[in-house]
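Engineer: Per our numbering, the sequence shown runs over residues -6 to 228. Note that the Cβ used here is the ideal one computed from N, Cα and C, for glycine as well. Let me begin by handing over the structure; questions about it come next.
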Amino acid sequence: MTYQLIRSAQPGSILERFACAASHVWQAGYEQPFIQELRQGILSQERFTWYMIQDRLYLDDYANVHALAFASCTHSTIQQDLAHALGDIAHELATVHDTYTQVFGISEQRITHAVQSAAARAYTTSMLETAYRGNTLEILVALLPCAWVYADYGARLAQELGDAVHGHPYEQWISTYAADDFWDASQWLRDDITLLAQQATEVEIQRLEQMFVQGVDLERVFWASAYEMQAGWNF
């Protein structure tokens, strides 16, 4: 497969620069077994269930990063954006997660007693550390990979499947992240990053690029660990 974003950035923008820097891990994430078996509809229920539980735990921390960003931010418009984003996370939990927890019979008790995998914990710890120590721009960049990668992968899966998405075992998952509404819901994030980055130095932008690449790679590792149902690290 060739690397081609469906949900791309404006040419010449800092966001395009981020995407180009992360292109190698971005495409590797898309080509990995979890995503490709999901596309084919052959991903096992066991693996998808393991992923959904880990994703639920991840979203709890993802919401906490938004809340910490809200608390430390002094820009009123960005605060409003962060508050709205928390509502979007709640909507995502109510649509995708509630649907599949019911279909696959995942009990709330099982989710409550689940422990984050090492890969998920590495990802959320990285974001939370940025939320506690970083400035607003750094926190927003830490949040960006999740929103952007999911929107792009969803759109690419939907495009490749075409009409075959209807009746697909993971239609709800694909359709949610392929939808224009999901992409549009994170437009504030891209806009606010673009705005704040105008005041950043070249050295700062290079550091933000590295943060973004790391975030995209942690998305890849998250799915890889879900495919292997790997709770710890294997060395």
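Please classify Thr105 as buried or exposed, where buried requires at least 16 neighbouring CB atoms within 10 angstroms.
Structural biologist: It counts as exposed.
Engineer: Work out the CA separation of His59 and Ala232 for me, nearest whole Å.
Structural biologist: Residue 232 lies beyond the range of the chain shown here (-6 to 228); nothing can be said about it.
Engineer: What residue range does the alpha helix (DSSP H) around Asn57 cover?
Structural biologist: Residues 38 to 65.
Engineer: Does the beta-carbon distance from Tyr143 to Tyr163 come in below 8 angstroms?
Structural biologist: Cβ distance not < 8 angstroms, so Tyr143 and Tyr163 don't count as in contact.
Engineer: Which residues mark the beginning and the end of the alpha helix (DSSP H) in which His84 is found?
Structural biologist: His84 -> alpha helix (DSSP H) spans 69 to 85.
Engineer: Taking 8 angstroms as the threshold, find out whether the region 192 to 211 comes into contact with the region 174 to 184 through three or more Cβ pairs.
Structural biologist: No, the region 192 to 211 does not touch the region 174 to 184.
Engineer: Within a Cβ cutoff of 7 angstroms, which residues of the same chain sit near Ile198, ignoring the five residues on either side of it in sequence?
Structural biologist: Closer than 7 angstroms at the Cβ level, and outside the excluded window around Ile198, lie Ile7, Ala190.
Engineer: According to DSSP, simplified to helix, strand and coil, what is Pro162?
Structural biologist: Three-state DSSP puts Pro162 in coil, outside helix and strand.
Engineer: Whether or not the region 49 to 68 and the region 124 to 141 are in contact is what I'm after, with contact meaning three or more pairs of Cβ atoms, one per stretch, closer than 8 angstroms; do they touch?
Structural biologist: Yes, since at least three Cβ pairs between the region 124 to 141 and the region 49 to 68 fall closer than 8 angstroms, the two stretches touch.
Engineer: Thinking Ala15 and Phe215 are a contact (beta carbons under 8 angstroms), I'd like their distance in whole angstroms, please.
Structural biologist: Contact flag wrong, Cβ pair sits at about 15 angstroms.
Engineer: Can you give the Cα-Cα distance for Gln152 and Ser69, rounded to whole angstroms?
Structural biologist: For Gln152 and Ser69, the distance between alpha carbons rounds to 38 angstroms.
Engineer: What would DSSP say about Ser218, mapped onto helix, strand or coil?
Structural biologist: It is helical.
Engineer: Go through its chain and collect everything with a Cβ distance to Ser119's Cβ below 8 angstroms, but skip five positions before and after it.
Structural biologist: Only Ala135, Gln207, Gly208, Leu211 meet the Cβ criterion.
Engineer: Kindly provide the ranges of any alpha helix (DSSP H) runs that are 4 or more residues long and lie completely inside the region 116 to 164, ordered along the chain.
Structural biologist: List check, alpha helix (DSSP H) in window: 129 to 154.
Engineer: Check for me: the alpha helix (DSSP H) holding Ala15 runs from which residue to which?
Structural biologist: Taken as a continuous stretch (DSSP letters only), Ala15 belongs to no alpha helix (DSSP H), as it is neither H nor E.
Engineer: Between the alpha carbons of Gln47 and Ala157, how many angstroms are there, rounded?
Structural biologist: Roughly 28 angstroms separates the two Cα atoms.
Engineer: Please go through the same chain and pick out, in chain order, the residues whose beta-carbon is closer than 8 angstroms to the beta-carbon of Tyr146, but skip the five residues on each side of it.
Structural biologist: These residues qualify, in order along the chain: Gly22, Tyr23, Ile28, Tyr170.
Engineer: With a threshold of 7 angstroms (Cβ to nearest heavy atom), would Glu164 be considered close to the ligand FAD?
Structural biologist: Within the structure as shown, the ligand FAD is missing, as the structure has no ligands at all.
Engineer: Hey, out of Phe63, Phe41, Gln109, whose CA is closest to Val96's CA?
Structural biologist: If we check each option's Cα against that of Val96, Phe41 comes out closest.
Engineer: Among Gln165, Ile99, Pro138, Phe63, whose alpha-carbon lies nearest the alpha-carbon of Val18?
Structural biologist: Taking only the C-alpha atoms, the option nearest Val18 is Pro138.
Engineer: Tell me the rounded alpha-carbon separation between Met222 and Glu122.
Structural biologist: Approximately 26 angstroms, taken between the alpha carbons.
Engineer: Arg183: which of Gln203, Arg213, Ala78 sits nearest, CA to CA?
Structural biologist: Closest option to Arg183, Cα to Cα, is Ala78.
Engineer: Should Trp181 go down as buried or exposed, given a rule of 16 or more other Cβ atoms within 10 Å for buried?
Structural biologist: Label assigned to Trp181: buried.
Engineer: To the nearest angstrom, how far is it from the Cα of Leu154 to the Cα of Ser168?
Structural biologist: Computed Cα separation, rounded: 11 angstroms.
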